[in-house]
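Peer 1: By the working numbering, the letter at position 139 of the sequence shown is numbered 140, and the numbering carries on one by one without gaps.
For reference, the structure I am asking about is given below.
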Amino acid sequence: MQVNAFLVDFVSRFWPGPCGKRPEWFLDIPTHVLNNSQCFKALLSLALGYGIVLFACIIKIPQIIRLWRTQSAEGMSRGSILIESFAYSYNLAAHYRQGFHISTYGDFASILIQNLIILVMTYIYDSFASLLMGLITAGALVLLTVLLCTNVVPITVVQFLTGANALVAILSRGPQIWKNYQDRSTGQLSIVTCTGIWLGSLARIFTTLQNVPSMNILVGYVVSSTCNMILVWQILLYRTKPTAIDRSKED
Numbered sequence: 002m003q004v005n006a007f008l009v010d011f012v013s014r015f016w017p018g019p020c021g022k023r024p025e026w027f028l029d030i031p032t033h034v035l036n037n038s039q040c041f042k043a044l045l046s047l048a049l050g051y052g053i054v055l056f057a058c059i060i061k062i063p064q065i066i067r068l069w070r071t072q073s074a075e076g077m078s079r080g081s082i083l084i085e086s087f088a089y090s091y092n093l094a095a096h097y098r099q100g101f102h103i104s105t106y107g108d109f110a111s112i113l114i115q116n117l118i119i120l121v122m123t124y125i126y127d128s129f130a131s132l133l134m135g136l137i138t139a140g141a142l143v144l145l146t147v148l149l150c151t152n153v154v155p156i157t158v159v160q161f162l163t164g165a166n167a168l169v170a171i172l173s174r175g176p177q178i179w180k181n182y183q184d185r186s187t188g189q190l191s192i193v194t195c196t197g198i199w200l201g202s203l204a205r206i207f208t209t210l211q212n213v214p215s216m217n218i219l220v221g222y223v224v225s226s227t228c229n230m231i232l233v234w235q236i237l238l239y240r241t242k243p244t245a246i247d248r249s250k251e252d
């Protein structure tokens, strides 16, 4: 009895509204969920959301390691990183301030932190930039995120920004896609990170349909997943092309 009470109480913490009244016995829960399609979709969306949040905590680690090992940011578009970080910043604020479940936006915070690390690294490995410039830029993005999450910035402004998600997705991925095309190389882009981001954006389309009543956010994810797919395709297409690092080693 105590085990059943503990398990049922634990499940209650995540029990979504569409599932209706929760069964009193833990073993009855699977049958209840499978017999209710809306409940099944809601729980699947919740599980995907938390899975994305957890996976996002490490999704850009391969990219960070690749930059550190090569001591080069060749092929990385700083403009793309900046715009992408800005998008994560205001979307984090929009979800937070509108009271959406953390499973729908927790990944924004972890990816934003990793993006800031990558951004600083691009400054460190750029002979024309410096660590100080990188830290100042990253600090400005952190400050902007804090302001967007508070009442200092009107919620109408944040909502307006989410309306431009599709455009921002193109602007954040476009420079990187174009640079890859021009160089016929993807430089130090990590296939693991790019594939993970692509799959995550696909999963977010489903969780948004289930939990976030916003067409602007949904369209943004559709456009973003398309752009991410193009990046993965470019990495596979240009993977046999030598980077400047490889050519220098050959020389």
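All C-beta atoms, glycine included, are put in the ideal place defined by N, C-alpha and C.
#1: Go ahead and label residue 36 buried or exposed: buried means 16 or more other beta carbons lie within 10 angstroms of its beta carbon, across all protein chains shown.
#2: Could you please give the first and the last residue of the uninterrupted alpha helix (DSSP H) stretch that includes residue 50?
#3: Taking the Cβ atom as the reference point for each residue, do residue 1 and residue 174 lie within a distance shorter than 8 angstroms?
#4: If the criterion is Cβ atoms closer than 8 angstroms, does the pair residue 111 and residue 47 meet it?
#5: Residue 184 lies in the alpha helix (DSSP H); which residues open and close that run?
#6: Three or more beta-carbon pairs under 8 angstroms between the stretch 84–93 and the stretch 133–152, yes or no?
#7: How far does the alpha helix (DSSP H) with residue 235 in it reach, from first residue to last?
#8: Between which two residues does the alpha helix (DSSP H) containing residue 32 stretch?
#9: Consult DSSP for residue 79 and reduce its assignment to one of helix, strand or coil.
#10: Shortest alpha-carbon distance to residue 160 belongs to which of 134, 124, 38, 97?
#11: With distances taken Cα to Cα, identify the nearest neighbour of residue 201 among 55, 168, 133.
#12: Which residue spans inside the stretch 63–135 form an unbroken alpha helix (DSSP H) run of at least 4?
#13: Could you check the C-alpha separation between residue 134 and residue 125 for me, to the nearest Å?
#14: Can you check which of these residues, 128, 95, 165, 212, is closest to residue 154 by C-alpha distance?
Peer 2: According to the data block:
#1: Walking along the sequence shown from the start, residue 36 turns up at place 35. Answer is exposed; the Cβ neighbour count stays below 16.
#2: By one-based count along the sequence shown, residue 50 stands at place 49. Taken as a continuous stretch (DSSP letters only), the alpha helix (DSSP H) holding residue 50 covers 38–57.
#3: Missing from the structure shown is residue 1; the chain here goes from 2 to 252 and no further.
#4: The residue given as residue 111 occupies position 110 in the sequence shown. The residue given as residue 47 occupies position 46 in the sequence shown. No, the Cβ-Cβ distance between residue 111 and residue 47 is not below 8 angstroms.
#5: Taking the first residue of the sequence shown as position 1, residue 184 is located at position 183. 166–184 is the span of the alpha helix (DSSP H), which, as asked, contains residue 184.
#6: yes
#7: Here the question's residue 235 lines up with position 234 in the sequence shown. Following the DSSP letters along the chain, one finds residue 235 inside the alpha helix (DSSP H) bounded by residues 216–239.
#8: On the sequence shown, position 31 is the one that residue 32 refers to. Note, residue 32: alpha helix (DSSP H), 30–35.
#9: Numbered from 1 along the sequence shown, position 78 holds the residue referred to as residue 79. DSSP places residue 79 in helix when its eight states are reduced to three.
#10: Position 159 of the sequence shown, counting from 1, holds the residue named residue 160. With distances taken between Cα atoms, residue 160 lies closest to 97.
#11: Along the sequence shown, one-based indexing puts residue 201 at 200. Here the closest residue by C-alpha is 55.
#12: 79–98, 107–125
#13: Sequence index remark: in the sequence shown, residue 134 carries index 133 (1-based). Sequence index remark: in the sequence shown, residue 125 carries index 124 (1-based). Straight-line Cα distance between these residues: approximately 9 angstroms.
#14: For this step, residue 154 is matched to residue 153 along the sequence shown. Checked all of 128, 95, 165, 212; the closest Cα to residue 154 is 95.
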